[in-house]
Amino acid sequence: MINKKLAKVLSFRYKVLALVFIALAGGLVLLPKYEKHEGISAENLLSNVISSERYISADELAHKIINQDPSFLLIDVRDEESFGVYSLPNAINIPLEKLFDENSESYLNQDEYDVILYSNDNFYADQAWLLCTRLDYKNLRVLKGGINTWFNTVINPLKPSENEAATAFELYTFRKAASMYFGVSYPEQVKIIKSETVVPKKVVTVKKKKKAPVEGGC
Amino acid sequence: MGPLIPNDIISHEWNFIIAILIGIAFGYILEASGFSSSRKLAGVFYGYDFVVLKVFFTAALVAIIGILYMDYLGYLDFNLLYIHPTYLWGAIIGGIIMGLGFVSGGFCPGTSLCGVAIGKIDAWVFVGGIYIGIFSFSELYTLFEPLYNGSFDGNVTLMDTFGVSPYWFVFGFTILAIVSFYIADLVRKRVKKVFYN
Chain Z
3 MINKKLAKVL
13 SFRYKVLALV
23 FIALAGGLVL
33 LPKYEKHEGI
43 SAENLLSNVI
53 SSERYISADE
63 LAHKIINQDP
73 SFLLIDVRDE
83 ESFGVYSLPN
93 AINIPLEKLF
103 DENSESYLNQ
113 DEYDVILYSN
123 DNFYADQAWL
133 LCTRLDYKNL
143 RVLKGGINTW
153 FNTVINPLKP
163 SENEAATAFE
173 LYTFRKAASM
183 YFGVSYPEQV
193 KIIKSETVVP
203 KKVVTVKKKK
213 KAPVEGGC
Chain H
273 MGPLIPNDII
283 SHEWNFIIAI
293 LIGIAFGYIL
303 EASGFSSSRK
313 LAGVFYGYDF
323 VVLKVFFTAA
333 LVAIIGILYM
343 DYLGYLDFNL
353 LYIHPTYLWG
363 AIIGGIIMGL
373 GFVSGGFCPG
383 TSLCGVAIGK
393 IDAWVFVGGI
403 YIGIFSFSEL
413 YTLFEPLYNG
423 SFDGNVTLMD
433 TFGVSPYWFV
443 FGFTILAIVS
453 FYIADLVRKR
463 VKKVFYN
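Residue numbers (the numbering used here), protein chains in the order written: chain Z, 3 to 220; chain H, 273 to 469.
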């Protein structure tokens, strides 16, 4: 025996379904529209920005280069001309305006290497860092003070005055040794036959993210 | 977050496995709802049964409304979805041929395979016809090539072509669907009933 009440209710089912559809589709039209936010949330970006982790000092970098640490990638965000004049060994030049080119992305958006960005000072490198971090690119760092600080500390270290702490002298010795590694010679060493330090060319292989075409059909 | 495969949340290798599972479910539901009968599909053209129209129209609506809500809530990136490329004249002529096949054979490619699975002879003949069609198309490909690859419009959607907001488009599409269901019901009531199984 068919329940008559149920049958009566069910006879409206198509009308109810039609109303549900109209309500759902109308809801789409009425929903408040917002601009899609690309990349990470503002809170995460802020916490990344204020973290001191995002900087690497020139001394740390010198240490990495001298030890031939294979885990990092140097990226020079200055223009090609400045890059041609002077840059760090094995750096890759990605000028700021070419930051989001297809070729650049494979260097920046990967998680195999630490990426160290630098420019003459922090300014452009920080911009590049911010743009990329916002897009959730990982392992990005900025060389604190850029090439200028690099030059003033590693290449041309200031000799500490006599009444400074021993650590200052240790640092100076390290910097001096580092500068010799990068090709600076000092008067007291002229006797020594300058050996050519050949920095082995680092081969950087970056895996392109595979983007298989999506197929569909009936 | 979504779509899951293009975003590498599920690896590409799973593509075919998931496709097979969905395909099995699709075939089961087609057969269970009686779509493996050629009379059901032919009913749309003769006006005694509009279930096929209603089912596929509703499926499209559910899909597009669901996708837009998920896109709105950020669970799915609408721009990463696959959009079938448009070859305008190829689609028009192909559509006419397919429509003729529908009405004369009473199957669409999907339901014909369901019919094959349950051993319907007309479905076997129909699928045989599909393979003859595929074979002759491949053999005469050079002849059809300009039509097949011509008038290419890219991966466009109706919303791009008409420049309307997807939300208004879907709203209009919903109204259109409901009106067409209503008209279909009116037609069905006027046409002489056909009983089959």
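Every residue, glycine too, gets a C-beta built ideally from N, C-alpha and C. Keep in mind it's a predicted model, so treat the numbers as computed, not measured.
Buried versus exposed, by CB contacts within 10 Å (16 or more), residue i
| i | result |
| --- | --- |
| I1/Z | This structure does not reach residue 1/Z, given that chain Z is present from 3 up to 220, and the question cannot be answered. |
| F329/H | buried |
| V206/Z | exposed |
| T433/H | exposed |
| S410/H | exposed |
| D103/Z | exposed |
| L348/H | buried |
| I393/H | exposed |
| W440/H | exposed |
| I4/Z | exposed |
| I390/H | exposed |
| Y36/Z | exposed |
| T414/H | exposed |
| G435/H | exposed |
| T446/H | buried |
| T151/Z | buried |
| W396/H | exposed |
| F125/Z | exposed |
| Y139/Z | buried |
| G378/H | buried |
Extent of the continuous beta strand (DSSP E) to which residue i belongs
| i | result |
| --- | --- |
| V186/Z | It is not in any beta strand (DSSP E) - V186/Z carries neither H nor E in the DSSP assignment. |
| L333/H | It is not in any beta strand (DSSP E) - L333/H instead sits in the alpha helix (DSSP H) that spans V323 to L345. |
| D78/Z | F74 to D78 |
| D425/H | F424 to G426 |
Rounded C-alpha distance that separates residue i from residue j
| i | j | result |
| --- | --- | --- |
| D81/Z | E62/Z | 25 Å |
| G387/H | S309/H | 7 Å |
| S437/H | I24/Z | 17 Å |
| S163/Z | N122/Z | 28 Å |
| K161/Z | R177/Z | 10 Å |
| R15/Z | G405/H | 42 Å |
| L75/Z | G346/H | 33 Å |
| Y183/Z | L352/H | 49 Å |
| I504/H | S106/Z | No statement about residue 504/H is possible, as the shown extent of chain H runs from 273 to 469 and does not include it. |
| R460/H | M342/H | 36 Å |
| K312/H | P278/H | 37 Å |
| R462/H | E285/H | 51 Å |
| N46/Z | I290/H | 35 Å |
| Y88/Z | I157/Z | 12 Å |
| V18/Z | D457/H | 16 Å |
Range covered by the alpha helix (DSSP H) that runs through residue i
| i | result |
| --- | --- |
| D394/H | I393 to E411 |
| G28/Z | R15 to L32 |
| D432/H | L430 to F434 |
| F288/H | W286 to A304 |
| V316/H | S310 to Y318 |
| R56/Z | Where R56/Z is concerned, there is no enclosing alpha helix (DSSP H), given that its DSSP letter is neither H nor E. |
| C380/H | It is not in any alpha helix (DSSP H) - C380/H carries neither H nor E in the DSSP assignment. |
| T446/H | P438 to R462 |
| S1/Z | Residue 1/Z lies beyond the stretch modelled for chain Z, which goes from 3 to 220, so this question has no answer here. |
| S84/Z | E82 to V87 |
Near the ligand FAD: residue i beta-carbon under 7 Å from a heavy atom
| i | result |
| --- | --- |
| L30/Z | The model depicted lacks the ligand FAD and carries no ligand whatsoever. |
| Can at least three beta-carbon pairs, one atom from the region 289–306 of chain H and one from the region 363–378 of chain H, be found at a separation below 8 Å? | no
| Which runs of the beta strand (DSSP E) fall wholly inside the region 109–163 of chain Z and span at least 3 residues, in chain order? | 116–120 and 142–145
| So, do the region 116–135 of chain Z and the region 39–54 of chain Z have three or more beta carbon pairs nearer to each other than 8 Å? | yes
| query | Is the number of C-beta pairs between the region 138–145 of chain Z and the region 165–176 of chain Z that are closer than 8 Å three or more? | reply | At 8 Å Cβ cutoff, the stretches do not touch.
| query | At a cut of 8 Å, does the region 355–362 of chain H reach the region 418–430 of chain H through at least three beta carbon pairs? | reply | yes
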